[in-house]
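A short write-up of the structure that comes next.
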Amino acid sequence: MKFIELTLKNYTIVHGFDARNNEIIEKVEVAEFSKKLVAIDRIMSISKDFILIQYAYDRIIYWEYEEDYDQVKATLSKWH
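Plus 150 on top of the position in the sequence shown (first one is 1) and you've got this note's numbering.
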């Protein structure tokens, strides 16, 4: 398994959908960024401000990340 080190902070967890097909979300704010190793095959997409990662039980999490978008994109493209 291949990993990328990212500096992550606040995040939004999508737990699924309710009976009316609305997303069930949980927003989490933390005091500071922290470094984490993320399995590359769990990354679903990246934008300028967020990286979308899939976790077990069909949960997805939108993380704020500190790195430069173009830097992350270049790193990920090396692995695919």
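The beta-carbon is built from N, C-alpha and C at its ideal position, and this holds for glycine as well.
Can you name, in chain order, every residue of its own chain whose Cβ lies under 7 Å from the Cβ of residue i, other than the five neighbours on each side?
i: Asn160; result: Val178, Glu179, Val180 and Glu214
Are the CB atoms of residue j and residue i within a distance shorter than 8 Å?
i: Ala232; j: Phe153; result: In the structure displayed, the chain extends from 151 to 230; residue 232 sits before or after that span and is not available.
i: Leu156; j: Lys186; result: yes
i: Ser184; j: Leu158; result: yes
i: Glu176; j: Ile163; result: yes
Taking all protein chains shown into account, do 16 or more other C-beta atoms lie within 10 angstroms of the C-beta of residue i, making it buried, or fewer, making it exposed?
i: Ile203; result: buried
i: Tyr219; result: exposed
Between residue i and the rest of its own chain, which residues show a CB-CB distance below 6 Å, the 5 nearest in sequence each way excluded?
i: Gly166; result: Ile174
i: Glu109; result: Examination of residue 109 is not possible in this model, given that the chain is present from 151 through 230 alone.
i: Met151; result: Ala189
Below 8 Å CB to CB, which residues in the same chain sit around residue i once its five sequence neighbours on both sides are set aside?
i: Asp208; result: Gly166
> Can you list the alpha helix (DSSP H) stretches of 4 or more residues lying completely in the region 199-229, in chain order?
Replying inline: 219-229
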